[in-house]
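A.B. asks: Below: one structure in structure tokens.
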Amino acid sequence: MRSTQIRKTFTDFFTSHGHQLVPSSPLVPDDPTLLLANAGMNQFKPYFLGETTPPFPRATSIQKCARTSDIDNVGRTNRHATFFEMMGNFSFGDYFKEDAIAFAWELLTQGYGLEKDKLWITVYEDDDEAEHIWRRIGVPASRIQRLGMEDNYWSMGVPGPCGPCSEVNYDRGPAFGKEGGPAIDGERYVEIWNLVFMQFQRGEGDKKGNFPILGELARKGVDTGLGLDRLAAILQDAQNVCTTDLLLPTMHTVQDLAGRAMPDEGEGCSREGLTCSDSAP
Ligand code: SER
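Per our numbering, the very first residue in the sequence shown carries number 41; after that it's consecutive.
This is the structure we're talking about:
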């Protein structure tokens with residue numbers, strides 16, 4: 041599936057479930073605490089914190105993102121880039137875990153046709169509720185893992201809303217790494233979708249990444265992010281995000297200029313028929 045269709049499938053699904061389609065905010069955010077937009081929820085921070093009344097209870101967007109914390113991984117993994125687009129759905133005091141999980145499962149397995157048996161789930165270490173919902177939906181206990189603060193608790197990295205999260209990971213098979221689930225190998229079991237259950241407000245953190253929880257949010261919310269480039273790599277059977285239709289035209293130009301070929305061009309994308317219009321808007 042081409043990336044234009046991946047985007048459309050996402051926004052069509054969530055608008056048909058009552059979400060307002062909101063354009064991406066600029067990469068340089070209107071937020072003095074943040075250098076670059078690092079998630080779809082950034083522009084909705086005042087809604088989660090209850091500082092501004094949201095004009096709609098549900099939203100969906102495809103956000104331009106850059107993560108300085110990812111830079112050291114670029115070129116070393118199949119899944120990190122200096123820029124990416126995050127497809128998200130958001131609830132501002134409307135639905136919570138039950139619907140967020142049901143939406144993700146339906147869209148991945150029916151909308152994008154991913155095989156259920158290849159999906160592995162992580163939940164926050166004490167989040168029994170999220171695990172029960174996933175079990176009820178049909179995910180066996182053997183494909184659900186519990187992880188701690190570092191992996192399954194999300195904040196913007198600065199004071200603001202935060203909460204435990206549940207991630208959907210796709211098993212790319214033994215050619216990509218060791219078996220044992222996402223707790224063991226993030227290259228083989230690639231994280232594609234993070235569902236954050238926004239529930240608390242955090243304060244300033246220390247250099248080790250520890251931060252105080254200042255209290256509960258007045259209204260619980262949902263903030264999710266599905267990586268467009270990672271999903272494209274899976275649906276296009278591409279080795280890594282650079283060999284999807286999102287980045288391949290750029291890679292071809294770089295190859296031509298450098299006079300060197302990439303070693304691992306994906307099977308799903310050929311040079312023919314690809315144009316830069318498939319790349320990020
Ligand atoms: N904010 C969460 C993340 O960036 C979910 O979108 O992973």
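Just so it is clear, CB atoms sit at the ideal spot from N, CA and C, and this is done for glycine as well. Since the model is a prediction, treat every value here as computed from it, not as a measurement.
Please state whether the Cβ-Cβ distance between residue 274 and residue 210 is less than 8 Å.
C.D. replies: Along the sequence shown, one-based indexing puts residue 274 at 234. Along the sequence shown, one-based indexing puts residue 210 at 170. Yes, they are a contact pair.
A.B. asks: Does the structure place the segment 165–178 close enough to the segment 279–288 that three or more beta carbon pairs sit under 8 Å?
C.D. replies: No: fewer than three Cβ pairs fall under 8 Å.
A.B. asks: Considering only residues of the same chain and omitting the five flanking positions on each side of residue 97, which have a CB-CB separation below 6 Å?
C.D. replies: Taking the first residue of the sequence shown as 1, we reach residue 97 at position 57. The answer, listed in chain order, is 132 and 134.
A.B. asks: Please confirm whether any heavy atom of the ligand SER lies closer than 7 Å to the CB of residue 263.
C.D. replies: Position 223 of the sequence shown, counted from the first residue, corresponds to residue 263. Yes.
A.B. asks: Suppose contacts are defined by Cβ-Cβ distances below 8 Å. Is residue 271 in contact with residue 152 by that definition?
C.D. replies: In the sequence shown, residue 271 corresponds to position 231, counting from 1. In the sequence shown, residue 152 corresponds to position 112, counting from 1. In contact: residue 271 and residue 152 (Cβ atoms closer than 8 Å).
A.B. asks: Can you tell me the Cβ-Cβ gap for residue 59 and residue 99, rounded? I've got them flagged as a contact below 8 Å.
C.D. replies: Residue 59 sits at position 19 when you count from the first residue of the sequence shown. Residue 99 sits at position 59 when you count from the first residue of the sequence shown. Indeed they touch by this definition, with Cβ atoms about 6 Å apart.
A.B. asks: Any heavy atom of the ligand SER within a distance shorter than 7 Å of the CB on residue 281?
C.D. replies: Here the question's residue 281 lines up with position 241 in the sequence shown. Outside the cutoff, so no.
A.B. asks: Would you mind reading off the limits of the alpha helix (DSSP H) that contains residue 53?
C.D. replies: In the sequence shown, counting from the first residue as 1, residue 53 sits at position 13. 43–55 is the extent of the alpha helix (DSSP H) around residue 53.
A.B. asks: Assign residue 78 to one of three DSSP states: helix, strand, or coil.
C.D. replies: Taking the sequence shown and counting its residues from 1, one reaches residue 78 at position 38. In this structure, residue 78 counts as coil in the three-state DSSP scheme.
A.B. asks: Can you pull the DSSP bridge partners for residue 208?
C.D. replies: As a working mapping, residue 208 is identified with position 168 in the sequence shown. DSSP output for residue 208 lists 161 and 233 as bridge partner(s).
A.B. asks: Measure how close the beta-carbons of residue 205 and residue 237 come, nearest whole angstrom, since I'm counting them as under 8 Å.
C.D. replies: Walking along the sequence shown from the start, residue 205 turns up at place 165. Walking along the sequence shown from the start, residue 237 turns up at place 197. Yes, residue 205 and residue 237 are in contact; Cβ-Cβ is about 7 Å, under 8 Å.
A.B. asks: Helix, strand or coil for residue 167? Go by DSSP, reduced to three states.
C.D. replies: Along the sequence shown, read from residue 1 onward, the residue named residue 167 stands at position 127. Reduced to three states, the DSSP call for residue 167 is coil.
A.B. asks: Along the chain, where does the beta strand (DSSP E) containing residue 135 start, and where does it finish?
C.D. replies: For the purposes of this step, residue 135 is identified with residue 95 of the sequence shown, where counting begins at 1. Here residue 135 belongs to no beta strand (DSSP E), and DSSP marks it neither H nor E.
A.B. asks: Go through its chain and collect everything with a Cβ distance to residue 48's Cβ below 7 Å, but skip five positions before and after it.
C.D. replies: Within the sequence shown, the letter at position 8 stands for residue 48. No residues qualify anywhere along the chain.
A.B. asks: Cβ-heavy atom distance between residue 234 and the ligand SER below 7 Å?
C.D. replies: As a first step, residue 234 must be located in the sequence shown, where it is residue number 194. At least one heavy atom of the ligand SER is nearer than 7 Å to the Cβ of residue 234, so yes.
A.B. asks: What do you reckon, is the C-beta of residue 194 under 7 Å from a heavy atom of the ligand SER?
C.D. replies: Locating residue 194 in the sequence shown gives position 154, where the first residue counts as 1. Residue 194 Cβ: within cutoff of the ligand SER.
A.B. asks: So, with DSSP's three-state summary, where would you put residue 101?
C.D. replies: Counting from one through the sequence shown, the residue named residue 101 turns up at place 61. In this structure, residue 101 counts as strand in the three-state DSSP scheme.
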